[in-house]
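Residue numbering for the sequence shown follows this note's numbering, starting at -5 and increasing by one per position.
Yeah, the Cβ is synthetic: ideal placement off N, Cα and C, and Gly gets one too.
Remarks on the structure that follows.
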Amino acid sequence: MTKADIIESVYEQIGFSKREAADVVETVFETMKSTLANGEKIKVSGFGNFVVRSKRARVGRNPQTGDVITISERRVLTFKPSQVLKDALNDNQSDA
């Protein structure tokens, strides 16, 4: 699913104009981006949690050459699905 698909779904289900639906979706994504950039957690009830974690610098290897390299410290985004989402995914598999 793409951002355009999400906009189309909002347009069809809510009844906003396509422009309004695009603005709503953009606003939601921008809010999520800025919240995560500030290091805050996003909890969507019934869906899951988005959390920014810090990873320390570490030593790694270039898989092609075997050379030792230093992997720099960085922040990564993790997602943990809620039990409701997990259950919904597993219920759909048993129907297939």
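- Item | Segment contact flag, the region 8 to 19 with the region 40 to 50, C-beta cutoff 8 Å, min 3 pairs | no
- On the three-state DSSP scale, how would you describe N43? In the three-state reduction of the DSSP assignment, N43 falls in the strand class, which pools E and B.
- Looking at the structure shown, is S28 part of a helix, part of a strand, or coil, going by DSSP? S28: helix per DSSP, three-state reduction.
- Query: According to DSSP, is K74 helix, strand or coil?
  - Reply: strand
- Message: Once the 5 residues before and after R55 are set aside, which same chain residues still bring their CB inside 8 Å of it?
- Response: D61, V62, I63
- Using a threshold of 9 Å, state whether the C-beta atoms of G33 and L79 are closer than that. no
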